[in-house]
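Participant: Which chain is which? The protein sequence lines are P and R, in order.
Sequential numbering from 29 applies to the first sequence in this note's numbering.
Sequential numbering from 4 applies to the second sequence in this note's numbering.
Here a beta-carbon is modelled for each residue, glycine too, at the ideal position from N, C-alpha and C.
Bear in mind that the values here come from a model prediction, so they are computed numbers and not experimental data.
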Amino acid sequence: GIQVEQSPPDLILQEGANSTLRCNFSDSVNNLQWFHQNPWGQLINLFYIPSGTKQNGRLSATTVATERYSLLYISSSQTTDSGVYFCAVEMNTGFQKLVFGTGTRLLVSP
Amino acid sequence: EPEVTQTPSHQVTQMGQEVILRCVPISNHLYFYWYRQILGQKVEFLVSFYNNEISEKSEIFDDQFSVERPDGSNFTLKIRSTKLEDSAMYFCASSERVGRPRGDEQFFGPGTRLTVL
Numbered sequence: 029g030i031q032v033e034q035s036p037p038d039l040i041l042q043e044g045a046n047s048t049l050r051c052n053f054s055d056s057v058n059n060l061q062w063f064h065q066n067p068w069g070q071l072i073n074l075f076y077i078p079s080g081t082k083q084n085g086r087l088s089a090t091t092v093a094t095e096r097y098s099l100l101y102i103s104s105s106q107t108t109d110s111g112v113y114f115c116a117v118e119m120n121t122g123f124q125k126l127v128f129g130t131g132t133r134l135l136v137s138p
Numbered sequence: 004e005p006e007v008t009q010t011p012s013h014q015v016t017q018m019g020q021e022v023i024l025r026c027v028p029i030s031n032h033l034y035f036y037w038y039r040q041i042l043g044q045k046v047e048f049l050v051s052f053y054n055n056e057i058s059e060k061s062e063i064f065d066d067q068f069s070v071e072r073p074d075g076s077n078f079t080l081k082i083r084s085t086k087l088e089d090s091a092m093y094f095c096a097s098s099e100r101v102g103r104p105r106g107d108e109q110f111f112g113p114g115t116r117l118t119v120l
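(1) Could you work out which residues of chain P lie near R/Glu56, taking near to mean beta carbons separated by less than 9 Å?
(2) Tell me which residues of the stretch 48-81 of chain P have at least one Cβ-Cβ distance to chain R shorter than 7 Å, keeping chain order.
(3) Given R/Gly114, which residues of its chain have a CB within under 7 Å of its CB, disregarding the five upstream and five downstream residues?
(4) Which residues does DSSP list as the beta-bridge partners of R/Met92?
(5) When DSSP labels each residue in this structure, what does P/Asp55 get in the three-state scheme?
(6) Helix, strand or coil, according to DSSP, for P/Ala45 in the structure here?
(7) May I have the straight-line CA-CA distance separating R/Glu88 from P/Arg86, to the nearest angstrom?
(8) Taking the C-alpha atoms as reference points, what is the distance between R/Thr79 and R/Leu24?
(9) Return the first residue and the last residue of the beta strand (DSSP E) that P/Met119 is part of.
(10) Quickly, what does DSSP pair P/Asn84 with across the bridge? List them, please.
(11) Out of curiosity, what's the CA-to-CA distance linking P/Thr91 and P/Phe53?
(12) Of the residues P/Tyr76, P/Leu60, P/Leu135, P/Ala93, which one's Cα is nearest the Cα of P/Ala116?
(13) Give me the Cα-Cα distance between P/Arg26 and P/Leu49, rounded to the nearest whole angstrom.
(14) Check whether chain P comes within 9 Å of R/Gln14, counting only Cβ atoms and requiring the distance to be less than that.
(15) Could you give the distance in angstroms between the alpha-carbon of R/Arg52 and the alpha-carbon of R/Pro28?
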C-alpha cells in the first residue's frame, strides 16, 4: 500500500517562530488533507489540498502532486498551535479511504 | 457550520461486552467512515459505507465489528465482544460525494474514546 511519511517527527519552537512540516507519499493521490490533533484528541481539518497552494491565516500549505509531497507552513507560531499534525492521502484507486502519516508532534513554548 | 457529531465522548466497558458508538454525519453527505487511533499511534481506516452498504473495510474490521445506518441521520459502529486491544479513539467521518477525479474532503467528528477494562 501507499506509504505516507512525515518529517520531522518532533519539533520544538519558541513562540513567534516559523516552521515547515513535510509529508511525502509514495504513489499518486486523489486527495490530501492536513489535520491538527489538539490536546483533547480532536482532529481539526486544516486544509484539503490535492494540489496547489492554499492559505488560511498564519497557516499555508502546498502540494506538488507530481513530486509526491506536501508542505505545511506555520508562521508566527503560538502556544495553541501545539499538538500533532497529520497529513492523510487518498489513493487513486477508486476507494475513498484516507491513509494517515505518522504525524509531527509540535510543541510551542512561550 | 455543519459538523459531524459523535456520542458518547468517552465509554468505559468490560472485556467481552458489546458497545455501540454513534455518529451523526453532516446531513447532505453520502459517504461515511470509521477510523480508529490507538493511543500514541497514527489514525487507521476501519470501514467506509455508501448507499447502505460497506464500500471497503480494512483487515482490522473483522467479524466483531459491524456498521449500520439505522435511520436517516445516525451511523453506528458496533463491537460485538470487546477486547483489551480495542481500546482506542474512534473517529467517524463523512464526505459529500464521489468527486472524481479528485477525492472529496472528509470531515471528522470529535471522537469517542473507548476504554476496555
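Facilitator: Quick look at the numbers:
(1) Within 9 Å Cβ-Cβ: nothing; R/Glu56 doesn't reach chain P, min ~14 Å.
(2) Asn58, Asn59, Gln61, Gly69, Gln70, Leu71, Asn73, Tyr76, Pro78
(3) Within the same chain, Cβ atoms closer than 7 Å to the Cβ of R/Gly114 are found at Gln9, Met92, Tyr93, Phe94, the five residues on either side in sequence being excluded.
(4) R/Gln40, R/Arg116
(5) coil
(6) coil
(7) When rounded, the distance between both Cα atoms is 39 Å.
(8) 6 Å
(9) Unbroken beta strand (DSSP E) run through P/Met119: 111-119.
(10) Beta bridge pairing from DSSP links P/Asn84 with P/Leu87.
(11) 11 Å
(12) P/Leu60
(13) Because chain P is modelled from 29 through 138, residue 26 of chain P falls outside the range shown and cannot be assessed.
(14) no
(15) According to the sequence provided, residue 52 of chain R is Phe. The question's Arg does not apply to it. Each residue's Cα considered, the two are about 12 Å apart.
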